[in-house]
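Respectively, the protein sequence lines represent chains A and B.
Positions 1 to 103 (my numbering) are the ones given, in order, by the first sequence.
Positions 1001 to 1461 (my numbering) are the ones given, in order, by the second sequence.
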Amino acid sequence: MSAIDRRTFLASSAGVAAGAAMGTGATTVTATGAAAAAGAVVAAEVVVHTDPAAREVIAAYVRDAEHDVVTVTSGTSETTYRDPVLARRLLAAADGTLTGGAR
Amino acid sequence: MSSHREAPEISKDPVADNTDTYAFVSPDKPGTVTLITNYVPLEGPDGGPNFFEFGDDVLYQIHIDNNGDGVADITYEFQFQTTLQDPNTFLYATGPITSLDSATWNKRQLYSVSRWDNTKSGGGKTTVLGSGLQCPPCNIGPRSTPNYAALGAAAVHSLPSGETVFAGQRADGFIVDLGAIFDLADLRPFQNLQVIPTMAAPGVDSLEATNVHTIAIQVPIGRLTSNGSAPTSVTSGNAVIGVWGAASRRKVRVIDSATGELSESGPWVQVSRLGNPLFNEVIVPLGLKDRWNASHPVDDADYVRFVEHPTLSGLLPDLYPGVFPNLATLNASQSRADLVAILLTGLPAGIIPGFQNNTGKVMADMLRLNVAIPPSVSPSPFGLLGNDLAGFPNGRRVMDDTTSIELRALAGATFPLVDKSFTADAAASELTEGLTPDPTRYQSTFPYLGTPHDGFDNPSS
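Here it is in structure tokens:
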């Protein structure tokens, strides 16, 4: 995080994490923006949605879990970050522990 | 095949599969170069009701390197959009399609053409040259597409920038006997000499009734060279351009479970490329073919060892016992500098009188076209090996028999170009699949590939 203001990045990355889930599956996981922006560990709410996928998807994936590396794609660009908070939230979302329980 | 289904991943993605790339000085407009990239291999003409088309989700590109560094200086980009006139019918055509605005033509494709110019004068800018350009329909049959030649001609578009473009279905111009060549490199005219011999027979033209989807663009020569001129000297420093085709997909694809619709995100990622015919197919080993498709010509130094010691050259003496003794000796003693020159650097001046297509030391798989060499009055399908300086490997024309040319080169016929003490086996310069394509597969004017075969008359291709 040397070249990026951490507060700014955390605010944007939390939004990206939420955006990443939209359109990729049957459930959407959200976290309140203020808490996420502060970097706090907050539980996510599982929401069943029926709306079609967005035409342009914003996607985030953990490229290297061991080193907290996350890639975010948007439009025709992608950016790769080293961000422990975002990486761990995505990993927690993947294994169902973000909501405090198994899927 | 030239590059039809040549690698594991792209063989499962036909709309992005670059099957052939061509680059030649236009025979009827010698002040221009025609660049062609074909996609969608082995189209059966009767393949309805969803007839073949370009991918709306694919970025199609033709790259030009005009300074020999293996990196594109100019790129033409093509993107397609499919429209339905009536989503409530399953029919491609609801009546005869007599023009490109016939209301009876249900499923249509439009496209845009852009030019990215990274030369000093271009400054890396992308310019949209045309949009909303119409493709012709597929050739369905005499009831649905009764005057197909007129439909094809109407889909040739002149752009204000000076280029002429066409995108749509055409007859495949590539010549190959698939059934034989993939059966232990059998050549039917010589199979009496094969290690598993049978009576010699004429070749079988496997693609004689198959179609492809063609992107063709005719460009004034000065729009392609490094200094904007049309060189007249074969040895001019800006006379040779490198050309390759490519196709890319977005990095992320999401399939909506409710609607089946696709959404995409991320940068374009190259999934197919093609410069010289058969390079990835015959030279690159199976385990590296997908990687090669994702890589770029400037990185081709990684593959030089496969050009220097090609697998097929090593197999020929074993598959045709006693026919290639000199090739066997060559295989055991030297690397193939001739193939490196032909495929990766171009031939320097002084080897073939009046010819050179060398681009320097950077080893990159590109078609290398010397634009100062005029079109041939009497073209030979064997190109340079047939003493026709305007043919492959000086670029590539639609009628060049590149399978035979490369078979002969792999068999050692071109090694004397770099080592005059080597005598090629007599058979090397005779190798052929024994095919003479029907002339209707080609036409004398842009886009030079012939009217596609129709589904009604070719129901079992």
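All residues carry an ideal CB built from backbone N, CA and C; glycine is no exception.
Original post:
For the 8 angstroms Cβ check, are there 3 or more pairs between the region 1074-1087 of chain B and the region 1108-1123 of chain B?
Top reply: yes
Original post:
When you compare only the Cα positions, how much space is there between Leu98 of chain A and Ser74 of chain A?
Top reply: 24 angstroms
Original post:
What residues in its chain sit with their C-beta under 6 angstroms from that of Ser1265 of chain B, if we drop five residues either side in the sequence?
Top reply: Val1252
Original post:
Residues of chain B with CB under 8 angstroms from Val57 of chain A, in chain order?
Top reply: Val1252, Val1254, Ser1263, Glu1264, Ser1265
**OP:** Whole angstroms is fine: what's the gap from Arg1249 of chain B's alpha carbon to Arg1223 of chain B's?
**Re:** 27 angstroms
Subject >> Contact set for Asp1013 of chain B: own chain, Cβ-Cβ below 7 angstroms, skip 5 residues either direction >> reply: Val1271
Original post:
Cβ of Gly1322 of chain B within 9 angstroms of Cβ of Leu1193 of chain B?
Top reply: yes
Subject >> Cα-Cα separation, Thr71 of chain A to Arg1170 of chain B >> reply: 41 angstroms
Original post:
Buried or exposed: where does Asn1050 of chain B fall if 16 or more other Cβ atoms within 10 Å of its Cβ makes it buried?
Top reply: exposed
Subject >> Interface residues of chain A facing Trp1268 of chain B [CB-CB closer than 7 angstroms] >> reply: Thr76
Subject >> Complete runs of the alpha helix (DSSP H) confined to the region 1258-1304 of chain B [at least 4 residues] >> reply: 1289-1294
Subject >> Pairwise C-alpha distance: Glu1009 of chain B and Ile1255 of chain B >> reply: 19 angstroms
Original post:
Hey, Phe1446 of chain B and Phe1166 of chain B: beta-carbon distance below 9 angstroms or not?
Top reply: yes
**OP:** List the residues of chain B that Thr73 of chain A touches, going by C-beta distances under 7 angstroms, in chain order.
**Re:** Lys1251, Val1252, Ser1265, Gly1266
Original post:
Does the count of Cβ pairs from the region 1022-1033 of chain B and the region 1436-1451 of chain B closer than 8 angstroms reach three?
Top reply: yes
Original post:
Is it buried or exposed for His1004 of chain B, if we count other Cβ within 10 angstroms and need 16 for buried?
Top reply: buried
Subject >> Contact with chain B by Thr28 of chain A, beta-carbon distance below 9 angstroms >> reply: Bear in mind that a pLDDT of 47 at Thr28 of chain A, under 50, signals an unreliable position, so the model cannot answer this.
**OP:** Could you have a look at Tyr1092 of chain B and say whether DSSP puts it in helix, strand or coil?
**Re:** coil
Subject >> Cβ-Cβ separation, Asp1365 of chain B to Leu1339 of chain B (assumed contact under 8 angstroms), whole Å >> reply: That pair is no contact at about 11 angstroms.
Original post:
With distances taken from CA atoms, which of B:Ile1036, B:Asp1065, B:Phe1182, B:Ala1239 is nearest Glu1163 of chain B?
Top reply: B:Ile1036
Subject >> Under the three-state DSSP convention, the category Asn1106 of chain B falls into >> reply: coil
**OP:** Can you say whether Ser1376 of chain B is buried or exposed, counting buried as having 16 or more other CB atoms within 10 angstroms of its CB?
**Re:** buried
Subject >> Gln1191 of chain B - DSSP class collapsed to helix/strand/coil >> reply: helix
Original post:
Which residues share a DSSP beta bridge with Ile1405 of chain B?
Top reply: Its beta-bridge partners do not exist; DSSP assigns none.
Original post:
Considering only the beta carbon of each residue, do Val1156 of chain B and Ala1180 of chain B sit closer than 9 angstroms?
Top reply: no
Subject >> Span of the beta strand (DSSP E) around Ser77 of chain A >> reply: 77-82
Original post:
How about Ile1241 of chain B and Leu1369 of chain B: do their beta carbons lie closer than 9 angstroms?
Top reply: yes
Original post:
Taking the C-alpha atoms as reference points, what is the distance between Gly1068 of chain B and Ala1328 of chain B?
Top reply: 34 angstroms
Original post:
Secondary structure at Leu1129 of chain B, three-state DSSP: helix, strand or coil?
Top reply: strand
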